[in-house]
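Have a look at the structure below, then the notes.
Protein chains: 2
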Amino acid sequence: MTLIDGKAIAQQVRNEVREQVAEWVAAGHDAPGLATVLVGDDAASAVYVGNKQKACAEVAIQGFDHRLPVDATEDDVKRLLHELNADPKVSGILLQLPPPKHLDGPKLTEEIAPGKDVDGLTPISTGLLHKNLPGLRPCTPLGCMELLKRHDVDLQGAEAVVVGRSDLVGKPISALLLQANATVTTAHSRTRDLDEVCRRADVLVAAVGVAHLIKGDWVKEGAAVIDVGMNRLDGKLTGDVEFDSAVERAGLITPVPGGVGPLTVAMLLRNTLQAAKDAA
Amino acid sequence: MTLIDGKAIAQQVRNEVREQVAEWVAAGHDAPGLATVLVGDDAASAVYVGNKQKACAEVAIQGFDHRLPVDATEDDVKRLLHELNADPKVSGILLQLPPPKHLDGPKLTEEIAPGKDVDGLTPISTGLLHKNLPGLRPCTPLGCMELLKRHDVDLQGAEAVVVGRSDLVGKPISALLLQANATVTTAHSRTRDLDEVCRRADVLVAAVGVAHLIKGDWVKEGAAVIDVGMNRLDGKLTGDVEFDSAVERAGLITPVPGGVGPLTVAMLLRNTLQAAKDAA
Numbered sequence: 222m223t224l225i226d227g228k229a230i231a232q233q234v235r236n237e238v239r240e241q242v243a244e245w246v247a248a249g250h251d252a253p254g255l256a257t258v259l260v261g262d263d264a265a266s267a268v269y270v271g272n273k274q275k276a277c278a279e280v281a282i283q284g285f286d287h288r289l290p291v292d293a294t295e296d297d298v299k300r301l302l303h304e305l306n307a308d309p310k311v312s313g314i315l316l317q318l319p320p321p322k323h324l325d326g327p328k329l330t331e332e333i334a335p336g337k338d339v340d341g342l343t344p345i346s347t348g349l350l351h352k353n354l355p356g357l358r359p360c361t362p363l364g365c366m367e368l369l370k371r372h373d374v375d376l377q378g379a380e381a382v383v384v385g386r387s388d389l390v391g392k393p394i395s396a397l398l399l400q401a402n403a404t405v406t407t408a409h410s411r412t413r414d415l416d417e418v419c420r421r422a423d424v425l426v427a428a429v430g431v432a433h434l435i436k437g438d439w440v441k442e443g444a445a446v447i448d449v450g451m452n453r454l455d456g457k458l459t460g461d462v463e464f465d466s467a468v469e470r471a472g473l474i475t476p477v478p479g480g481v482g483p484l485t486v487a488m489l490l491r492n493t494l495q496a497a498k499d500a501a
Numbered sequence: 222m223t224l225i226d227g228k229a230i231a232q233q234v235r236n237e238v239r240e241q242v243a244e245w246v247a248a249g250h251d252a253p254g255l256a257t258v259l260v261g262d263d264a265a266s267a268v269y270v271g272n273k274q275k276a277c278a279e280v281a282i283q284g285f286d287h288r289l290p291v292d293a294t295e296d297d298v299k300r301l302l303h304e305l306n307a308d309p310k311v312s313g314i315l316l317q318l319p320p321p322k323h324l325d326g327p328k329l330t331e332e333i334a335p336g337k338d339v340d341g342l343t344p345i346s347t348g349l350l351h352k353n354l355p356g357l358r359p360c361t362p363l364g365c366m367e368l369l370k371r372h373d374v375d376l377q378g379a380e381a382v383v384v385g386r387s388d389l390v391g392k393p394i395s396a397l398l399l400q401a402n403a404t405v406t407t408a409h410s411r412t413r414d415l416d417e418v419c420r421r422a423d424v425l426v427a428a429v430g431v432a433h434l435i436k437g438d439w440v441k442e443g444a445a446v447i448d449v450g451m452n453r454l455d456g457k458l459t460g461d462v463e464f465d466s467a468v469e470r471a472g473l474i475t476p477v478p479g480g481v482g483p484l485t486v487a488m489l490l491r492n493t494l495q496a497a498k499d500a501a
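As they're listed, the protein sequences go chains A and B.
End of the first sequence = 501 in the working numbering, gap-free, step of one.
End of the second sequence = 501 in the working numbering, gap-free, step of one.
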């Protein structure tokens, strides 16, 4: 059994992005720029945005840290997003979700120009993903694929089971696995005999948000297990997979924390660089 | 075993659309309008467009039959599509594919305004489908769902297997089945043990375009089998499923021809009415 070291892989990706940004700038281009937009003063959201800005600085991506007051109107947010759409120094735009309750986050996200949608969550980016057309893909699903790739998991014809069908994770991962030529089953809360469905997986992705839903004996011997879950149980962060028993059967498995999590910001940086290159 | 009568169900749908169009017009609205755009003089395409126009007339949808010469430029097609986008009498626009070789059909389709994309094939419509947001869905996948619905097939938690992953059929059907709460497996040419994968299906959708690829003994006893294939074999139209043997095991099965085929135009009419209502 091999434990997937998400932190180390994320660091590799970040190093690569730093080198590629340096090459890009050395070739005479402006540094890529990431604008984050935070509405209100939610503490957790502020930490996430701070981490993203810090990560930008480390790879020499320009960070633009925009804050709007908690009572900002829909029009205020739209106006800012449109300004950022028009600003050539801004390669990518990230509206930190969720915004205060009086605002519709996903709807506002649609104001972001497709070429700057580095979170990859707008309908147009979703459409480009599912149609296999060039575009920006969502960061966490990209991170899962990166983990599988760095461990040389053969996806061609593999049975992949994705438990969860969120717009953010489950459905885009299913799409990426399908593009990698896996046979993909998307399972969810209404799935009958979820244990049996999981047992057929050569690659098992858990993205439901229910602590320890997936038991160790649901894991096929030798399977690659990617746990996207981030649940708090008895004061500790834990995944959707019962790690202690799953580890006995998996060939490859992500811990929680330290598995998929660190990849999200790394892929955001990579997306920002890609957006800059695509716009050039 | 019940044979699905696609012709009869399509006729029911067309009757319903006709009644709903009449109610819509009686309520003081303009009749919905469908603009078809045919570039060049391909005989088969001309027949398809003719059928669509005839179907419109039967349900009192206004038909606008636009023809461009075989040497029409990309700009010519775009200009026409933009005019139709702006024309309030046109509720839906269908660019007949494929256009002559010098034109990029899918790319041109992207010029159609999302609210008028009655074929449901643009990236934005694809994104709305996969994100489960309101929008126009592609006609053939909608037709498959309609057949299952009219036969009261219980999709909740059912194991659905879709063989094929085209943008036109396989992927959108997988998405619609997932929204109906089926556990959905998308299989394809790289799938290992396709026979075993098919055998687990309560609902089996074949959309590959290979005559008789799916053998009768791959069908689970009592399964609902939807065959989207339209292949020519020994001069006869035939599906992707070996019908004569599958019929012994299926609980419900579409013939080819006369199964899914007739639904496509019926769903196009329904989409056109929906587009008119959404635009009002």
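We treat Cβ as the ideally placed atom computed from N, Cα and C, and that holds for glycine.
inquiry  = Tell me the DSSP secondary structure of B/T406 in three-state form.
reply    = As a working mapping, residue 406 of chain B is identified with position 185 in the second sequence. In the three-state DSSP reduction, B/T406 falls in the strand class (E or B).
Coil, strand or helix - B/L376 by DSSP = Taking the first residue of the second sequence as position 1, residue 376 of chain B is located at position 155. It is coil, neither helix nor strand.
inquiry  = If the criterion is Cβ atoms closer than 7 Å, does the pair A/D438 and A/G450 meet it?
reply    = Mapped onto the first sequence, residue 438 of chain A falls at position 217. Mapped onto the first sequence, residue 450 of chain A falls at position 229. In this structure, A/G450 does not lie closer than 7 Å to A/D438 by Cβ.
inquiry  = Can you confirm whether A/V339, when its beta carbon is compared against all beta carbons of chain B, has any partner nearer than 7 Å?
reply    = In the first sequence, residue 339 of chain A corresponds to position 118, counting from 1. Cβ-Cβ to chain B under 7 Å: no for A/V339.
task = Assign A/V268 to one of two classes, buried (16 or more other C-beta atoms within 10 Å of its C-beta) or exposed (fewer than that).
result = Translated into the one-based positions of the first sequence, residue 268 of chain A becomes position 47. With fewer than 16 other Cβ atoms from the protein chains shown falling within 10 Å of its own Cβ, A/V268 counts as exposed.
ask   = Taking Cβ-Cβ distances shorter than 7 Å, what residues in chain B pair up with A/K392?
value = Numbered from its first residue, the first sequence carries residue 392 of chain A at position 171. Chain order gives the chain B residues near A/K392 as H351, where near means a beta carbon separation below 7 Å.
task = Starting from the C-beta of B/H287, find all residues in its chain whose C-beta is less than 8 Å away, skip the five residues before and the five after it, and write them out in chain order.
result = If you number the second sequence from 1, residue 287 of chain B lands on position 66. Short of 8 Å from the beta carbon of B/H287, and not among the five residues preceding or following it, lie these beta carbons of its own chain, in chain order: A256, T257, V258, L259, L301 and L305.
task = Tell me whether the beta-carbon of B/R411 lies closer than 7 Å to the beta-carbon of A/N402.
result = Reading the second sequence from its first residue, position 190 is the one you call residue 411 of chain B. Reading the first sequence from its first residue, position 181 is the one you call residue 402 of chain A. In contact: B/R411 and A/N402 (Cβ atoms closer than 7 Å).
ask   = Identify the residues that DSSP records as bridge partners of A/R453: which are they?
value = Locating residue 453 of chain A in the first sequence gives position 232, where the first residue counts as 1. Paired residue(s): A/L458.
query = Interface residues of chain A around B/R386 at Cβ under 8 Å?
reply = To locate residue 386 of chain B, count along the second sequence from 1; it is residue 165. Neighbours of B/R386 in chain A, taken as residues at a C-beta separation under 8 Å, are given in chain order as L399.
inquiry  = So, with DSSP's three-state summary, where would you put A/V418?
reply    = Here residue 418 of chain A is taken as the residue at index 197 of the first sequence, counted from 1. Assignment of A/V418 by DSSP, reduced to helix, strand and coil, places it in the helix class.
query = What does A/R411 touch in chain B if you count any residue whose Cβ is under 7 Å from its own?
reply = Mapped onto the first sequence, residue 411 of chain A falls at position 190. When 7 Å is used as the limit between beta carbons, A/R411 is near these residues of chain B: Q377, G378 and N402, in chain order.
ask   = Does DSSP put B/Q283 in a helix, a strand or coil?
value = Translated into the one-based positions of the second sequence, residue 283 of chain B becomes position 62. Strand at B/Q283.
Inter-residue Cα distance where the pair is B/G479 and B/Q232 = Within the second sequence, residue 479 of chain B is the residue found at index 258, counting from 1. Within the second sequence, residue 232 of chain B is the residue found at index 11, counting from 1. Approximately 12 Å between the Cα atoms of the pair.
task = Could you tell me the boundaries of the alpha helix (DSSP H) in which A/T347 lies?
result = The residue labelled residue 347 of chain A in the question sits at position 126 within the first sequence. Residues P344 to H351.
ask   = Does the distance from the CB of B/I345 to the CB of B/I333 come in under 7 Å?
value = The residue given as residue 345 of chain B occupies position 124 in the second sequence. The residue given as residue 333 of chain B occupies position 112 in the second sequence. Not closer than 7 Å, so no.
key: Among A/V270, A/G227 and A/C277, nearest to A/A243 - alpha-carbon criterion   = Here residue 243 of chain A corresponds to residue number 22 of the first sequence, with the count starting at 1. Checked all of A/V270, A/G227 and A/C277; the closest Cα to A/A243 is A/C277.
query = Counting along the chain, where does the alpha helix (DSSP H) carrying A/I394 start and finish?
reply = As a first step, residue 394 of chain A must be located in the first sequence, where it is residue number 173. Segment G391 to Q400, the alpha helix (DSSP H) holding A/I394.
inquiry  = Does B/L494 come out as helix, strand or coil in the three-state DSSP assignment?
reply    = One-based indexing of the second sequence puts residue 494 of chain B at position 273. Of the three classes helix, strand and coil, the one that applies to B/L494 here is helix, per DSSP.
query = Which of helix, strand or coil does DSSP assign to A/I230?
reply = Residue 230 of chain A sits at position 9 when you count from the first residue of the first sequence. It is helical.
A/L259 (DSSP reduced to helix, strand or coil) = Residue numbering aside, residue 259 of chain A sits at position 38 when the first sequence is read from its first letter. For A/L259, the secondary structure class from DSSP, reduced to helix, strand or coil, is strand.
task = Just confirm the distance between the C-beta atoms of B/V424 and B/L369, as a whole number of angstroms; I'd bet it's less than 8 Å.
result = Locating residue 424 of chain B in the second sequence gives position 203, counting from the first residue. Locating residue 369 of chain B in the second sequence gives position 148, counting from the first residue. The C-beta distance from B/V424 to B/L369 rounds to 7 Å, short enough to meet the 8 Å contact threshold.
inquiry  = Can you confirm whether B/P344, when its beta carbon is compared against all beta carbons of chain A, has any partner nearer than 7 Å?
reply    = The residue given as residue 344 of chain B occupies position 123 in the second sequence. Answer yes: the Cβ-Cβ gap between B/P344 and chain A drops below 7 Å somewhere.
ask   = Based on the DSSP output, what are the partners of A/R239 in its beta bridges?
value = Indexing the first sequence from 1 puts residue 239 of chain A at position 18. Partner residues in a beta bridge of A/R239, as assigned by DSSP, do not exist.
inquiry  = Would B/T406 pass as an interface residue toward chain A - the criterion being a Cβ-Cβ separation below 7 Å?
reply    = Numbered from its first residue, the second sequence carries residue 406 of chain B at position 185. Yes, B/T406 counts as interfacial toward chain A.
message = In whole angstroms, give me the CA-to-CA distance for B/L357 and B/L489.
response = As a first step, residue 357 of chain B must be located in the second sequence, where it is residue number 136. As a first step, residue 489 of chain B must be located in the second sequence, where it is residue number 268. Rounded to whole angstroms, B/L357 to B/L489 spans 10 Å at the Cα level.
Coil, strand or helix - B/T330 by DSSP = As a first step, residue 330 of chain B is located in the second sequence; it is residue number 109 there, counting from the start. Secondary structure of B/T330 (DSSP, three-state): helix.
request  = Measure from the C-beta of A/T347 to each C-beta in chain B and report whether the shortest distance is under 7 Å.
outcome  = Reading the first sequence from its first residue, position 126 is the one you call residue 347 of chain A. By this cut-off, A/T347 is an interface position.
query = Starting from B/D448 and walking both ways along the beta strand (DSSP E), at which residues does that stretch end?
reply = Along the second sequence, read from residue 1 onward, the residue named residue 448 of chain B stands at position 227. B/D448 -> beta strand (DSSP E) spans A445 to D448.
key: First through last residue of the beta strand (DSSP E) which encompasses A/A501   = On the first sequence, position 280 is the one that residue 501 of chain A refers to. From DSSP, A/A501 is part of no beta strand (DSSP E); its letter is neither H nor E.
task = Please state whether DSSP places B/V384 in a helix, a strand or coil.
result = To locate residue 384 of chain B, count along the second sequence from 1; it is residue 163. The answer is strand: DSSP assigns B/V384 an E or B state.
message = Below 7 Å on C-beta distance, what does B/L354 contact in chain A?
response = Numbered from its first residue, the second sequence carries residue 354 of chain B at position 133. Under the 7 Å cutoff, chain A gives P344.
key: B/V426 and B/I447 closer than 7 Å at C-beta   = One-based indexing of the second sequence puts residue 426 of chain B at position 205. One-based indexing of the second sequence puts residue 447 of chain B at position 226. Yes, they are a contact pair.
ask   = Would B/L398 be called buried (16 or more neighbouring beta carbons within 10 Å of its own) or exposed?
value = In the second sequence, residue 398 of chain B corresponds to position 177, counting from 1. Taking every protein chain shown into account, the CB of B/L398 has 16 or more other CB atoms within 10 angstroms, so this residue is buried.
inquiry  = At the level of alpha carbons, what is the spacing between A/P476 and A/I394?
reply    = Position 255 of the first sequence, counted from the start, is the residue given in the question as residue 476 of chain A. Position 173 of the first sequence, counted from the start, is the residue given in the question as residue 394 of chain A. Distance between the alpha carbons of A/P476 and A/I394 is about 19 Å.
inquiry  = Tell me the rounded alpha-carbon separation between A/K273 and A/K337.
reply    = Locating residue 273 of chain A in the first sequence gives position 52, counting from the first residue. Locating residue 337 of chain A in the first sequence gives position 116, counting from the first residue. Going from the Cα of A/K273 to the Cα of A/K337 covers about 16 Å.
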